[in-house]
Every structure is written in structure tokens, then in C-alpha cells.
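So that you can map any letter, position 28 of the sequence shown is 420 in the working numbering, and since no number is skipped, the others follow by simple counting.
Okay, structure first, notes after.
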Amino acid sequence: MKVTIIVPRWPKESFWDVIAFKFPLLSTSLLASLTPSPHEVKIIDESLSEIDFEEEVDLVAITAITPLARRAYEIGDRFRERGVKVVIGGIHATWLPQEAKAHADAVAIGEADETWPEILRDAQKGELKPFYRQEERTNLERLPIPRRDLLPRKGYLFHNLIQTTRGCPYDCEFCSVTALHGKTYRMRPIEEVEKEIQSLEHSKAYIFFVDDNIVGNLAYAKALLTMLSHYRLRWVSQGPIHISENEEILSLLAKAGCHGLFIGFESLREENLHLMGKRINRIKNYEEAIRRLHESGIGVYGSFVFGYDYDDPSVFDEFLEFAERNRIEGAFLPVLTPFPGTRIYKRLKEEGRILTEDWSMYDMATVVFRPKRMTREELQEGFWKVNRSFYSIPSMFKRLFHPFHFNRSLIIFGPMNFGLWQAVKKAERYFRK
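Here it is as C-alpha cells:
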């Protein structure tokens, strides 16, 4: 069979559609690796290339997060009109499988690493089942090396994406990771990770370890980082703020080539952290933690969510002062978005605060619920203000041009900052039309 795996584009002119840098989706190249010959497989990332709806293809597999669901359904409908079989999967379809089934011949619920071969066999026989659910969580010992050769060579900030673990041991109210995987934390054999690193064609390029928490198990993290230190790598990943208190791990991160960590600060208000279930964070330790990371040569890309119940209009200036004072290299600054399947979605639904279920608006840049301590309009304007100010030229200059590993900071965080600077300007103009 001819199989095409598709990642839909973001809603046109939305914040993430116009962004200058993009990331591949690791799950697509993993599925491609799990597609045996004689099947022919290709990957289309619609953010980088057009979909040919007239191509000869036997099976189309579409994966989508919530804000991409509407476009995923449009793509599925177009191919099905021609009689092409369509499978839809991903986190949105996992939580709303009946909705997805209206636009597909089959829906893959949850992880699909071990159901994908079954889907292919059934499709070839013309016997697709309506729903496929993986009974057990994927055994990471059996993960193949992704088919990076099928990804576009240009257009991505990172081409080398590697996964060493899945899941997160914490359980934040707004997080879709624990909603999908539970609090399980699975680790891939380190020798398998090493084989994948050795397989990279461009190992000198930056690597993004896409783990939700690369140090979720300290014994494993120490062994992993020790192995990575044997290679001259440059990489970024994600981890919790309290890891800065572990001198041994900080030293290993630096020796292993870690240039930056995505860290979920989430809020500067203790009441919000308690409501989120983010009990590992201590606001009083934030500044010291950032200092320790910087002293270890590790840049900080912080996540701060706006719109939680104890946020009021003063929270935006509060963040901007904090960010510049601590010279945070980059930040993800979304509006709180209650994705289906999360505990925050259930709570806001029960409180009658969900304002729309137009999934294309669940883009983390549009307010889709009723805030508690400010109006919807104040939260929306605050989102634009905080992104506009943080990604302004004066702010970027203050945060990036400083003695802390100047070249390292600028090489990796420079493109992110300038890409978001352009995206904010373009998307805000479109939003206000």
C-alpha cells in the first residue's frame, strides 16, 4: 500500500501558523519506521508543504492536537470523498473518538506504536475496525529509530528529535501529558538511545530531547547523562525547576552538552500553583534556581500560564519585571487553555466557564473560558501585551546579550526569540482585524 502520514497546519494566520521556526512531530517518523515493506510511506507536514489531495494513496493517517482537529477533519473528509481510507489519531481523537470517527474510517486511541502494524494489516485486507486502542502502554525497549530521512531538510529549527522517556511523575491540572499517560514514567534502554545518537547524520546539529521530564528518574538520568557526555553534543530538553538544587545533576547536564531546559514555572502566585497541583514549585526559590542554571551554562526557556484563578491584570507586568530581572532566555507564554481530557477542562465545564468548543480557538493564544479575577478582554489583551513586550527588541537585547555563555545563548535562543518576535507582530495584526 501507499501510505501518507499527515500533520495538519495550524489555523491560518494564527499565532503558531505564522511563527518563523517550526518543529517536526516525532510520532510521525516513528510510525514511518514501524511501517514495514513493501508498504511505501511518506510524511507531509502541512505547515511546510501543500497536501496533494489527488495523489494516488491507499491509506492516509492524520494526527492532530486539539487546535488542529478541525483541519484534520477537513483533510479526512477530502480524502474519503475519493474513497481513500483514513485513520485519525493523536491526543484530541483519543479524548473525543466518536467526534473523530465522523471524519475517518478508523480512530487510533492513545499510543499507536503497537496498534499501527495491526491497522496496516486490516487496511490492506479492507477490514479496518472503527476503533483501535492499545491495551498496554508502549514498551520503549521496542522503539525503532525514526525515519528522519522522510522529513523536510529545511524549515525546522530542530531536525534531530530523540525521546528517552515518556510520561511525567507529576500531575498538573492543566497538563494533557498526564491526562494521556497517567503518572507513569517509562524509560528507554540507554543502549538504544546511544544507537540512535550514533545513527544521526548531523550529530553536530542541536538535538531536542522531547521528554516531558528528562530527569524524572534520577538514577536513569545520571546514567543517561554520563553516556551523553562521551559525545560532543549540543542539546536542549525539558525538566522541573527543582533540579537546580541537585549539584550532581547540574554538573552532569553541563558535561553532557545541555545548552537549555524548558522549565514549567507556570505562575508567580502560590495560590495558582496549589490549584494547578504544581506542588514541586516554590516561587521563593525561582531566582536562585535560574542563577544556578546559568552558572552551570544552561539557558532557561520558561513556561508561564496566564489566566489561572488567582491571576488579575497586574500579573502581566509582574512577569515582565521578573523575566528581565532574571534574564530568562526564552519563554512560552500561553493563555490557559482547557484541553479536553484534562482536569482543568472538567472543572471549568462543571463551573459553566467554558465559552466555546470551537477547537480551532484552543490555540493557547485565544481566551476560550471565563476568567475569575479579570474580564475575558483583559486576559486577551494581557496575552498580547506580555508576548509583545517580552519579544520586543529592547527586551531581547537585555536578556540575550549578556556574559552568560554569549555564543551558546545566542545560537540556540536567538532564532527562537526572533521567530516569536515576528509571529507576535503578524498574528496580533490578524487577530485584531
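Ideal Cβ positions, reconstructed from N, Cα and C, are used throughout, including at glycine.
Status (buried if at least 16 other CB within 10 Å, exposed otherwise) for residue i
i, result
"R791", "buried"
"E658", "buried"
"H594", "exposed"
"K477", "buried"
"E721", "buried"
"H551", "buried"
"T748", "exposed"
"D541", "exposed"
"D709", "exposed"
"P522", "exposed"
Residue nearest to residue i in terms of C-alpha spacing, selected from the options
i, options, result
"E446", "R472, S439, L426, R558", "R472"
"I457", "L488, Q590, K477", "L488"
"F789", "L771, L616, W813, L667", "W813"
"A613", "R474, E593, A648", "A648"
"A504", "L532, I785, G656", "L532"
"G631", "D437, I606, Q490, E519", "I606"
"K394", "L417, S429, W408", "S429"
"K546", "Y524, D437, S629", "D437"
"A615", "I803, D604, R580", "R580"
"A611", "Q590, E640, V433, V628", "E640"
"P403", "H666, V759, W751, K414", "W751"
"D603", "F810, I804, L418", "L418"
CB contact flag (residue i, residue j, <8 Å)
i, j, result
"G608", "C560", "yes"
"V479", "L460", "no"
"I435", "L543", "yes"
"I411", "I443", "no"
"E687", "N718", "no"
"S695", "R539", "no"
"A757", "A681", "no"
"S425", "P536", "yes"
"P416", "L553", "yes"
"P705", "G774", "yes"
"G481", "A515", "no"
"R780", "V727", "no"
Chain-order list of residues whose beta-carbon lies under 6 Å from that of residue i (same chain, five-residue window excluded)
i, result
"M619", "I582, E586"
"E565", "M668, G669, R735, I736"
"Y702", "R661, E663, N664"
"W508", "L423, L426"
"S485", "Looking at the sequence itself, residue 485 is Ala, so the reference to Ser does not match. So the list reads A492, V499, once near-sequence residues are dropped."
"P763", "G699, L771"
"D463", "The amino acid at residue 463 is misidentified as Asp; the sequence shows Arg. So the qualifying residues of the chain are P400."
"L440", "P544, G547"
"L512", "none"
"E432", "K394"
Sequence-distant residues of its chain with Cβ nearer than 7 Å to residue i (five each side left out)
i, result
"F714", "L660"
"E637", "none"
Contacting residues, own chain, Cβ-Cβ under 8 Å from residue i (five flanking each side not counted)
i, result
"C567", "C560, T734"
"K575", "G559, C560, P561, Y562, D563"
"T530", "E503, D505, E506, R558, R578"
"L802", "L792, F793"
Contiguous alpha helix (DSSP H) assignments of at least 4 residues, all confined to the segment 465 to 552: 483 to 487, 489 to 493, 508 to 517
Secondary structure, alpha helix (DSSP H): runs of 4+ residues fully inside the segment 759 to 812: 768 to 782, 785 to 792
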